[in-house]
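Take a look at the structure set out below.
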Ligand code: PMP
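Residue numbers (our numbering): 5 to 440.
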C-alpha cells in the first residue's frame, strides 16, 4: 500500500517549484511509486507492463534484488568521491567493463551521465588529434551540455549553443533517407564534409549505433565502416555512443556497434550501465587515454563506490540471467509480431482508415514502430500516437515515443521481458490502434 503524496499534490509542487521545462507523458500523468522487474506500480497499486524502462535505462529489471543489494551494502559501508583515495569498487568494475570491450579498448573514465561521457569523449578527440572539427549524424542525440548539444542534430533538443566546428552529416535512415538502405552513399557525405568543410583533418566522428531519441533508426548497412575509414584517413577518432544501444539491449551483440563490424576508438555509455543508477563511462585505448594526463582531470562523483558496486552487479546479472540471449529471443519474436501487426493494419483499412504502421525496425529490445497517416507520403501521425499511448496506458502498458516528428513508438523494455509480455504488448497495441 502506498499512502504518500498523490499525483495532484506532486503536480502542484512541480508547477510551483520545478523547472517549467519538465514535461510528462499522458494527459493524466502517472505517479509511479514502485518498480519490480518489468513492472511499474502507480499510487493506486495498478500494475503496468513497462516497455520503455525509463528510456532504455533499466536493463536487468526494476529494483533487481542483486543490484539493490550491492548498492545498499556499499552505501552502508562507505560512499565518497573517487578521487584522492583508493577503493576496490571502481577498479573491480573498470576491469569487468573492459573485459566486455574488443581490442585495446580497456581504459575507463567514469562519469555521472551520458552527456558527461560524450563531452569527455569529444574533448579527448580534440586533444589527441589537435583538430577541432567533429562530424555527427543528423537526427542524433548525444546530450544537453554545450558540446553535446552541438553534436545533437535535431532542433527539438537544441538551444542556441555555439556549435564551433561541428558538421552534421546526412542521416543514413533506411526509411526516410534519400538513399534508402545504401549505407555507402550516405557515407560519401561525410567524405565530402571532410573535403569541402574542413582543412582535410578532423578531430573525430560521433554516432549512435541505433538512434534512440531520434526514433530507433538503424543506420543503413555499410555506413559506419565506410565513415570510419574516411574519418581515420583524415586523422580523426571514431566515437560510438552506446548510451542506449549498449549493455546487451540489441540482443545479437553486447554493444550496438558490433553489428556493424567496426571497432571504435572511444566508446561512451550510460543508462543501462547502472540499471537506473546515475552512472556513465568513456572507454578508450591506453594510448589515447594519455591525453588527459596533460592537465588535472577529475570528476567528483564519477565512478563513486556505490555506483560502481551497482554497475558490477548489473554486469553479473546480465551474464547470470543470460539477458542478452533473452533480448535476442524475445526481441526478435516481438519484432516479428509487430511486423504482422503492420500487415494486419495495412490489409484491413476499414479498422483504421487513415492510420498505418509505416515502419517496424530495430534490434533485440530496442524497437521502433513509426505511425503514419499516409503510407506513400509517410505523413507523421503525431497526435494519434499520443492518443494510442494513453489508451495503452489505460490497458496497463507503458511505451515510449520519439523521433524527429514525435510519431515513433519506442519499445525498450527491461531485458527480462518475456514472450508472454510481448504477446500482451501486441494485443494492447492492436486494440489501441484499432480504436483510433
Ligand atoms: N546519448 C544518447 C544516445 C542518449 O540517448 C542520451 C540520453 N537520452 C544521452 C547521450 C545523454 O545521456 P544523459 O541524459 O544521461 O546525459
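Quick reminder that beta carbons are idealized off the backbone N, C-alpha and C, glycines included.
According to DSSP, simplified to helix, strand and coil, what is residue i?
i, result
"residue 140", "strand"
"residue 149", "coil"
"residue 194", "helix"
"residue 232", "helix"
"residue 272", "strand"
"residue 227", "helix"
"residue 179", "coil"
"residue 129", "helix"
"residue 32", "coil"
"residue 40", "strand"
"residue 241", "strand"
"residue 51", "strand"
"residue 2", "This structure cannot speak to residue 2, because the chain is shown only from 5 to 440."
"residue 24", "coil"
"residue 325", "coil"
"residue 422", "coil"
"residue 374", "strand"
"residue 385", "coil"
"residue 187", "helix"
"residue 397", "helix"
"residue 518", "Because the chain here runs from 5 to 440, residue 518 falls outside it and cannot be looked at."
May I ask you to check if the CB of residue i is nearer than 8 Å to at least one heavy atom of ligand 1?
i, result
"residue 119", "yes"
"residue 122", "yes"
"residue 220", "no"
"residue 195", "no"
"residue 248", "yes"
"residue 217", "yes"
"residue 308", "no"
"residue 59", "yes"
"residue 177", "no"
"residue 278", "no"
"residue 201", "no"
"residue 110", "no"
"residue 460", "The chain is shown from 5 up to 440; residue 460 falls before or after that span and cannot be answered."
"residue 262", "no"
"residue 172", "no"
"residue 288", "no"
"residue 272", "yes"
"residue 434", "no"
Is the beta carbon of residue j closer than 9 Å to that of residue i?
i, j, result
"residue 361", "residue 399", "no"
"residue 370", "residue 421", "no"
"residue 317", "residue 73", "yes"
"residue 441", "residue 142", "Here the chain has residues from 5 to 440 only, and residue 441 is not among them."
"residue 52", "residue 393", "no"
"residue 277", "residue 255", "no"
"residue 419", "residue 39", "no"
"residue 71", "residue 279", "yes"
"residue 133", "residue 296", "no"
"residue 283", "residue 116", "yes"
Would you mind sorting residue i into buried or exposed? The rule is 16 or more other CB atoms within 10 Å of its CB.
i, result
"residue 144", "buried"
"residue 309", "buried"
"residue 97", "buried"
"residue 220", "buried"
"residue 237", "exposed"
"residue 301", "exposed"
"residue 351", "exposed"
"residue 4", "Given a span of 5 to 440 for the chain in the structure shown, any question on residue 4 remains unanswerable."
"residue 228", "buried"
"residue 273", "buried"
"residue 365", "buried"
"residue 95", "exposed"
"residue 159", "exposed"
"residue 166", "exposed"
"residue 202", "buried"
In chain order, what residues of the same chain have a beta carbon less than 6 Å from the beta carbon of residue i, not counting five sequence neighbours either side?
i, result
"residue 84", "none"
"residue 114", "285, 306, 307"
"residue 410", "386"
"residue 183", "189, 190"
"residue 111", "288, 290, 293"
"residue 93", "309, 312, 313"
"residue 406", "217, 219, 412, 414"
Please return the same chain residues whose Cβ sits closer than 7 Å to the Cβ of residue i, not counting the five positions on each side in sequence.
i, result
"residue 55", "401, 402, 403, 415, 417, 429"
"residue 396", "403, 432, 433, 436"
"residue 47", "6, 10, 11, 35, 37"
"residue 169", "136, 137, 138"
"residue 26", "18"
State yes or no: is the C-beta of residue i nearer than 8 Å to some heavy atom of ligand 2?
i, result
"residue 151", "The model on display carries ligand 1 but not ligand 2."
Which residues in the same chain have their Cβ closer than 8 Å to the Cβ of residue i, if we skip the five residues on either side of it in sequence?
i, result
"residue 105", "259, 271, 287"
"residue 234", "191, 194, 195, 198"
"residue 243", "122, 125, 126, 129, 208, 209, 210, 211, 268, 269, 270, 271, 272"
"residue 327", "63, 64, 252, 321, 419, 420"
"residue 149", "119, 120, 123"
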